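2 protein chains.
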Amino acid sequence: MPSRPATRSRISSRRRATSPRRAVTQAALAARILTWLRQQDLKPGDHVPERLATEEFHVSRTPVRAALALLTEQGLLERHDQRGFFIADGFAAARGTVAAETPDSTLHDAILRDRFSKRLDAEVTAAHLTRRYRASRAIVLRVLGRLQKDGIVERALGQRWVFLPALDSLRSQEDSHRFRLILEPAAFLQPGFALDAKRARDLKSALAELAGQDARTLDLKRALETDIAFHEAMGDASNNRFLAEAIRRQSRLRRLATTSMQVPPARLIESCREHLAILEAVAAGELARAAELMREHLASSLRARPGFVNRGAPPMLRATMMGGAR
Amino acid sequence: MPSRPATRSRISSRRRATSPRRAVTQAALAARILTWLRQQDLKPGDHVPERLATEEFHVSRTPVRAALALLTEQGLLERHDQRGFFIADGFAAARGTVAAETPDSTLHDAILRDRFSKRLDAEVTAAHLTRRYRASRAIVLRVLGRLQKDGIVERALGQRWVFLPALDSLRSQEDSHRFRLILEPAAFLQPGFALDAKRARDLKSALAELAGQDARTLDLKRALETDIAFHEAMGDASNNRFLAEAIRRQSRLRRLATTSMQVPPARLIESCREHLAILEAVAAGELARAAELMREHLASSLRARPGFVNRGAPPMLRATMMGGAR
DNA sequence: GATTGTATTTTTGTGGTAGAAAATACGTCA
DNA sequence: TGACGTATTTTCTACCACAAAAATACAATC
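Listed in order, the protein sequences are those of chains A and B. Take the first sequence: its position 142, counted from the start at 1, is 142 in this note's numbering, and no numbers get skipped. Position in the second sequence (first residue = 1) + 1000 = this note's numbering.
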């Protein structure tokens, strides 16, 4: 087996007295409810009826109540007897997310890390992973399922799981960029394009803040998240669910590949300015111009990609040469 | 529960003496090997080494040998002692596929049918489905997983599975068409666009045959399959795996929705002619023209959509009406 | 009348085990 | 040497019982 010995963290499935399964899904739901609440225009004292979350997330009141109780513990909500949950004073201020470390996410990240660094082969079996990470079979299968949904692995007909060429290969990065170059400018031109007002405002302030920062002290993770949020918002605004979904898919891949593809910080800041220009065009109702700006923005990013144009052969030739073998 | 009583076919998981699980995956692999062999330029007498299929499908020799043996039984291959499998004389002639009826596919189709005709609610639980179809939980979960992969259902955080608006709603159909209008013309303009020669030939002959047929006696199922094969081939030729994948995703949805959306046969035949024109443009190396033809082709299909422009009732109302009877 | 609080019922996830299927090791033949 | 044939080992799936979580029913409150 070509797999080299590697980090062997124990990813346990045993129930510990302190954190049964509940804590995991509860936290996940709480996190989703929180981002959902943040998207709305809520003031301290506003009521948060359980029913709304129930309908939004297609779950019963039981887990919703548990999640809201969790948010109450964190001071984001307040609970009044017989009246329910209300937005707390600290709601707007608090920045932290409720992101929990789950056995699943631990394994998920470990697998991605080891795969990107080629410590994992392109073909693995579930049994291999259970041994390597000392995780229960159930967890391994769940994580593989999630990776499959994200287009990272594919299940073969037998008992192998195959890693697809991810964004770590130069070739896939180029494919991804060209794909986005097709998709994203088109979003603005869809009939019914409409950007949510609050969302536009939030994006604008986040982008403006980043745009003013120094390239040397930039929080790269936050910059990437803002970048992704911007692109997904444009997809959602397109009013076409397939387009939105396709853009979101690419976002997910980009987020995962962030470790291996390093964009220069200066480019990220430039990016923010371009995003702001696009938002302005949208606000002015000049959608055709927004589309054109988006095209230029993505083309710039494509050019800025490390190792793309700066090295050797020109784009067309390169593409053709690579076309041969696949 | 609004679900009305409905077809209750028993979908069994019990192993019958005659067909254990093996027969299913075996047949599935055999079918995939067959289409794979058909894509290659093979003559009777050509050797089919096990290793090639092994590498192509990421499975071990054991299932490959079983599948090849199955194809031998059907007279498509020949087996010579100590030398292996060879293309049989009847290989090119035989048209039939090895498509097997599995418990999974039965349930899969039943669920889709019942959902399209609104006999199933938009939110279901696995337990509900096991009762309704008298299927084992394992099968239900597998099928739900597949439907999820295809973007038909989504798993909620609790124990509900939510059907996404599929191509049965008029709105989604329009979204789908507009999405394809973005994607598919762009395929031709990707650097490295290259259509496999044999594939082009096969498509051309299939399309030519359909184009010459009478609208009244047209085999609708075959026409749809050819249509899909054409569009997927263009995606594959684009040399961009994300683009190809996105097109394939749409194809899968279209195939599933075929029962509920009825395209007039005359339009299908016209379609074939347009496909042929695109192939000619590609063959002549006029990719920009091919892209333009594709745009027109998809735009025509969008216009030809039943109930879009031509019919009376406004979209929302119609969609509701269609829900009633199937 | 709608929403919350509480209790009850239903559904799901997990772990262990037997048997089926896939992977693999090894000998043989062109 | 590389491909096939056969035997052995490993891995997976189905099934079962129990604990945990979600859904639901019903009473209480605004």
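We put the beta carbon where it would ideally sit given N, CA and C, even for glycine. Just so we're clear, the structure is a prediction, and the values are computed from it rather than from any experiment.
Closer than 9 Å, CB to CB, is residue i near chain A or not?
{"i": "H1058(B)", "result": "yes"}
{"i": "E1123(B)", "result": "yes"}
{"i": "Q945(B)", "result": "In this structure chain B extends from 1001 to 1326, so residue 945(B) is not present and cannot be described."}
{"i": "E1245(B)", "result": "yes"}
{"i": "V1162(B)", "result": "yes"}
{"i": "G1285(B)", "result": "no"}
{"i": "F1179(B)", "result": "yes"}
{"i": "G1145(B)", "result": "yes"}
{"i": "G1158(B)", "result": "yes"}
{"i": "Q1082(B)", "result": "no"}
{"i": "A1257(B)", "result": "no"}
Quick one, which of the options has its alpha-carbon nearest residue i's?
{"i": "P191(A)", "options": "H1177(B), L1070(B) and L1164(B)", "result": "H1177(B)"}
{"i": "H108(A)", "options": "H80(A), A186(A), K118(A) and L141(A)", "result": "L141(A)"}
{"i": "C1272(B)", "options": "Q1250(B), Q1213(B), G1235(B) and R1249(B)", "result": "Q1213(B)"}
{"i": "H1275(B)", "options": "I1152(B), A1208(B) and Q1082(B)", "result": "A1208(B)"}
{"i": "A156(A)", "options": "A1135(B), A1053(B) and A1138(B)", "result": "A1053(B)"}
{"i": "S169(A)", "options": "E286(A), E78(A), A187(A) and F116(A)", "result": "F116(A)"}
{"i": "G1090(B)", "options": "K1204(B), P1264(B) and G1045(B)", "result": "G1045(B)"}
{"i": "L1293(B)", "options": "G1285(B), E1286(B), A1284(B) and I1278(B)", "result": "I1278(B)"}
{"i": "E245(A)", "options": "E1232(B), A1291(B), F1179(B) and L1224(B)", "result": "F1179(B)"}
{"i": "K1204(B)", "options": "L1220(B), I1182(B), A1229(B) and L1181(B)", "result": "A1229(B)"}
{"i": "R1252(B)", "options": "E1123(B), A1290(B), A1166(B) and F1193(B)", "result": "A1166(B)"}
{"i": "T62(A)", "options": "A122(A), R38(A), F86(A) and A30(A)", "result": "A30(A)"}
{"i": "V1162(B)", "options": "A1223(B), A1194(B) and L1144(B)", "result": "L1144(B)"}
{"i": "L298(A)", "options": "E270(A), T102(A), E286(A) and A283(A)", "result": "E270(A)"}
Mind checking whether residue i and residue j have CB atoms under 9 Å apart?
{"i": "P1049(B)", "j": "G1084(B)", "result": "yes"}
{"i": "D202(A)", "j": "A237(A)", "result": "no"}
{"i": "A1281(B)", "j": "L1189(B)", "result": "no"}
{"i": "A1257(B)", "j": "Q1159(B)", "result": "no"}
{"i": "R1255(B)", "j": "G1151(B)", "result": "no"}
{"i": "I33(A)", "j": "A69(A)", "result": "no"}
{"i": "A206(A)", "j": "R267(A)", "result": "no"}
{"i": "K198(A)", "j": "D81(A)", "result": "no"}
{"i": "I1139(B)", "j": "D1104(B)", "result": "yes"}
{"i": "L243(A)", "j": "A186(A)", "result": "yes"}
{"i": "A211(A)", "j": "T102(A)", "result": "no"}
{"i": "E184(A)", "j": "H231(A)", "result": "yes"}
{"i": "R1137(B)", "j": "A1126(B)", "result": "yes"}
Which residue or residues does DSSP assign as beta-bridge partners of residue i?
{"i": "V1124(B)", "result": "W1161(B)"}
{"i": "L77(A)", "result": "I87(A)"}
{"i": "V1048(B)", "result": "F1085(B)"}
Please classify residue i: does DSSP put it in a helix, a strand, or coil?
{"i": "R1326(B)", "result": "Caution is warranted here: a pLDDT of 24 is assigned to R1326(B), below 50, making its placement in the model unreliable, and the coordinate value is therefore given only provisionally. In the structure shown, R1326(B) sits in coil (DSSP, three-state: anything other than H, G, I, E or B)."}
{"i": "V153(A)", "result": "strand"}
{"i": "V64(A)", "result": "helix"}
{"i": "M1001(B)", "result": "Annotation note: pLDDT 36 at M1001(B) (below 50); position unreliable, coordinate value reported separately. Looking at M1001(B) - three-state DSSP - the assignment turns out to be coil, as it is neither helix nor strand."}
{"i": "H1058(B)", "result": "coil"}
{"i": "E184(A)", "result": "helix"}
{"i": "L29(A)", "result": "helix"}
{"i": "K1204(B)", "result": "helix"}
{"i": "A1092(B)", "result": "coil"}
{"i": "F1242(B)", "result": "helix"}
{"i": "T102(A)", "result": "coil"}
{"i": "D227(A)", "result": "helix"}
From the beta carbon of residue i, is the nearest beta carbon of chain B less than 9 Å away?
{"i": "V282(A)", "result": "no"}
{"i": "T25(A)", "result": "yes"}
{"i": "S105(A)", "result": "no"}
{"i": "P5(A)", "result": "At P5(A), the pLDDT of 39 sits below 50, so the modelled position is not reliable and the matter cannot be decided from this model."}
{"i": "P49(A)", "result": "no"}
{"i": "F308(A)", "result": "The predicted position of F308(A) is uncertain, since its pLDDT is 40 and thus under 50; no value can be drawn from it."}
{"i": "G45(A)", "result": "no"}
{"i": "D175(A)", "result": "yes"}
{"i": "F242(A)", "result": "yes"}
{"i": "L170(A)", "result": "no"}
{"i": "A288(A)", "result": "no"}
{"i": "I182(A)", "result": "yes"}
{"i": "R32(A)", "result": "yes"}
{"i": "Q190(A)", "result": "yes"}
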